[in-house]
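Notes for the one structure printed next.
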Amino acid sequence: MLKGIPKILSPELLMVLCEMGHSDRLVISDGNFPAESMGKDAIVIRCDGHGVPELLDAILQVFPLDTYVEKPVNLMEVMPGDDVETPIWDTYKEIIAKHDSRGADCVGNIERFAFYDEAKTAYAIIATGESALYANVMLQKGVVTD
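The opening residue of the sequence shown carries number 60 in the working numbering; numbering runs sequentially from there.
Given below as structure tokens:
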């Protein structure tokens with residue numbers, strides 16, 4: 060146990076977040092994301108039983124977003140013809156606004172298969188039990204200045 064560190068951040072996850080350098084990417088995936096196959100060259104951390112919003116909020120308390128790119132946060136776009144609502148994206152934008160002054164302006168979207176390609180190059184993938192569809196989020200780490 061540590062003071063000031065969200066309890067949802069396991070020792071394994073904290074170690075990975077600390078190991079990551081500037082511009083390394085982290086995927087927080089929903090329960091349907093193929094984390095193990097996408098993460099063959101990444102560190103895969105299981106956080107089953109937890110949702111993406113609670114992990115996103117906890118991670119952003121210790122993880123700066125990259126200020127050298129316009130969109131350090133990216134969501135997986137809904138496939139054309141897929142009749143899916145994504146209210147969880149609004150939740151993400153609210154959480155991001157708590158931790159980054161750019162708010163929703165630093166959030167982009169990546170086409171589904173391009174997201175998979177980018178995820179294959181991520182430093183780490185967190186596999187969650189999130190049941191919302193299209194709930195995957197990719198973060199690009201910034202520079203720690205304080």
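Glycine included, C-beta positions come from ideal geometry on N, C-alpha and C.
If only complete runs of 4 or more residues are kept, the region 170-194 shows the alpha helix (DSSP H) at 171-178, in order along the chain. CA-CA distance, Val86 to Lys157, rounds to 19 Å. Annotation: the continuous beta strand (DSSP E) that includes Leu134 extends over Val132 to Met135. In this structure, DSSP gives Met79 a state outside helix and strand, which the three-state scheme calls coil. Where Met197 is concerned, the enclosing beta strand (DSSP E) starts and stops at Val196 to Gln199. Straight through space, the alpha carbons of His81 and Gly201 are spaced by roughly 5 Å.
By the Cβ rule, the region 64-78 does not count as touching the region 128-137, because fewer than three pairs are nearer than 8 Å. Taken through DSSP and simplified to helix, strand or coil, Ser88 comes out as strand.
Between the beta-carbon of Gly98 and that of Gly188 there is about 16 Å, and that puts the pair past the 8 Å contact cut. Excluding the 5 residues flanking it on each side, Met135 has same chain C-beta neighbours closer than 6 Å at Arg171, Phe174, Tyr193 and Asn195, in chain order. Less than 8 Å divides the Cβ of Ile184 from the Cβ of Ser88. In the assembly as shown, Val143 is an exposed residue. Its beta-carbon has fewer than 16 other beta-carbons within 10 Å. If you look at Ile147, you'll find it in the alpha helix (DSSP H) that goes Pro146 to His158.
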